[in-house]
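Visitor: Sequential numbering from 1 applies to the sequence shown in full-length UniProt numbering. First, the structure itself, so that you have it in front of you.
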Amino acid sequence: MNPADAFDPLRPRLLRIAYRMLGIVAEAEDVVQEAYLRWHQTDRDAVRDAEAVLVRTVTRLCLDVLKSARVRREEYVGTWLPEPIIETVEGDDLTLTLMMALERLSPLERAAFLLHDVFGMDFEEVAKAIDRDPAACRQLASRARAHVQEARPRFPVTEAKGHELASAFHAASRSGDTHALQALLAQDVVLYSDGGGKAKAVLNPIYGQAKIVRMLEAFVRRTGVNSSQLVYEGSIDGLPAFVTLEADGTLQTTALGIEDGRIVALYITRNPDKLMGIRRAVGGEPS
């Protein structure tokens, strides 16, 4: 059996699993490539279920990566956000907000939840993938599910309304329209900005409507009205979002967490290492 014949049709699913586990596209691609190399060395004629074997391999490789990733993220400069991606998969409602909730879980809780709740594997399969018994996997997934449920919006908005709010926020934030910003932002809104020490960004989350409005007003005073160029409007990791080319030449993504018609979270990514995929997808020039 040619190793690619069984592997290539599964590659997109394996990449999705690895990305959801790790939050970084390049790391996910490295894991899947390592899984392919191991698959190449496997006695494939003895394998009855190639998908189960490959999912198990990818999951265990991801768990190994997460052990070192925890240390790297503790040393990360400023806020760490998952790498933004534009691609969405029908039926996968795991948004950037929920991926942030997964970051607070242990690697095993994250794996059990993703494999069972997101990718539809039964607990017998999950147990084989993470080398735990099915009862333990149920408990791991249950604990993870409770955290994720807390992060799900109680009053989600429609896709059309979400994109309307994203467009309105982009306009208000680049014009310094205080009243419009106050109308769009919830009182307890939080702003997260990821520059990774490689692009200018606020190091710690900013909490509260008043502080965020003042920060955006100062930004407009410093850079001028409409100083950035819009290059994409749509969805990023399942959230309403837009991509801009800033006056300093930095590509930036802004994704919005929305609940009950108000923006409750702003996720801004400026780290160029995390934006290479976005740049390839939308380009760095205005549309």
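No residue lacks a Cβ here, since even glycine has one placed at the ideal position from N, Cα and C.
#1: For the putative contact between Pro84 and Thr244, defined by C-beta atoms under 8 Å, what is the C-beta separation to the nearest angstrom?
#2: Helix, strand or coil for Gly261 per DSSP?
#3: Write down the C-beta distance between Ala4 and Val58 rounded to the nearest angstrom, noting that I regard them as a contact closer than 8 Å.
#4: Which residues does DSSP pair with Gln187 in a beta bridge?
#5: Looking at C-alpha atoms only, which residue of Val53, Ala151, Tyr36, His170 is the closest neighbour of Gly234?
#6: What ranges does the beta strand (DSSP E) occupy inside the stretch 147 to 232, keeping only unbroken runs of at least 3 residues that lie completely in it?
#7: Leaving out the 5 sequence neighbours to the left and right, which residues in its chain are closer than 6 Å to Val220 when beta-carbon positions are compared?
#8: Going by DSSP, what residue range makes up the beta strand (DSSP E) through Pro240?
#9: Do Leu256 and Ile278 have their CB atoms nearer than 9 Å?
#10: Would you kindly work out how many angstroms separate the C-alpha atoms of Val282 and Gly195, rounded to a whole number?
#11: So what does DSSP say about Pro286, is it helix, strand or coil?
#12: List in chain order: all unbroken alpha helix (DSSP H) runs of 4+ residues lying wholly within the UniProt domain "RNA polymerase sigma-70 region 2" (8 to 70).
#13: Going by beta carbon distance, what residues of the same chain come within less than 6 Å of Ser173, once the five residues before and after it are set aside?
#14: With a CB to CB cut of under 6 Å and the five nearest residues on each side skipped, what residues in its chain are close to Val47?
#15: Taking Cβ positions, are Gly208 and Thr95 nearer each other than 9 Å?
#16: Can the beta-carbon of Pro156 be found less than 9 Å from the beta-carbon of Ile258?
#17: Have a look at the DSSP bridge pairing and note the partners of Ala255.
#18: What number of angstroms, rounded off, separates the C-alpha of Pro286 from the C-alpha of Ser228?
#19: Nearest CA to the CA of Lys274: which residue from Leu165, Ala26, Arg20?
#20: Between the beta-carbon of Ala6 and the beta-carbon of Arg44, is there less than 9 Å?
#21: What's the C-alpha gap between Trp39 and Val190?
#22: State the DSSP-derived secondary structure class of Ser235, mapped to helix, strand or coil.
Guide: Result, derived from the coordinates:
#1: Not really, about 13 Å apart at Cβ, beyond 8 Å.
#2: Note: Gly261 maps to coil in three-state DSSP.
#3: Contact flag wrong, Cβ pair sits at about 16 Å.
#4: Residue pairing by DSSP places Gln187 in no beta bridge whatsoever.
#5: Gly234 has its Cα closest to that of His170, out of Val53, Ala151, Tyr36, His170.
#6: The DSSP assignment places complete beta strand (DSSP E) segments of no fewer than 3 residues inside the stretch 147 to 232 at 185 to 194, in order along the chain.
#7: Around Val220: Gly176.
#8: First-last of the beta strand (DSSP E) with Pro240: 239 to 245.
#9: No Cβ-Cβ contact shorter than 9 Å links Leu256 with Ile278.
#10: Cα to Cα, Val282 sits roughly 20 Å from Gly195.
#11: Summary for Pro286: the model assigns pLDDT 46, below 50, so the residue's position carries little reliability; its value from the coordinates is reported in the next sentence. Looking at Pro286 - three-state DSSP - the assignment turns out to be coil, as it is neither helix nor strand.
#12: Within the UniProt domain "RNA polymerase sigma-70 region 2" (8 to 70), the complete alpha helix (DSSP H) runs of at least 4 residues are 11 to 22, 25 to 40.
#13: Scanning its chain for C-beta atoms nearer than 6 Å, with the 5 sequence neighbours on each side dropped, one finds around Ser173 the residues Leu216, in chain order.
#14: Counting only Cβ-Cβ distances below 6 Å, and skipping sequence neighbours, we find Val53.
#15: Not a contact, by the Cβ cut-off of 9 Å.
#16: Taking 9 Å as the Cβ cut-off, Pro156 and Ile258 qualify as a contacting pair.
#17: According to DSSP, which records beta bridges pairwise, Ala255 is partnered with Ala241, Tyr267.
#18: Here Pro286 scores only 46 on pLDDT, less than 50, and its place in the model is too uncertain to base an answer on.
#19: It is Ala26 whose Cα lies nearest to the Cα of Lys274.
#20: One thing to note: Ala6 has its Cβ within 9 Å of the Cβ of Arg44.
#21: Between Trp39 and Val190, the C-alpha separation is close to 44 Å.
#22: Ser235 carries a strand assignment under DSSP once its states are collapsed to helix, strand and coil.
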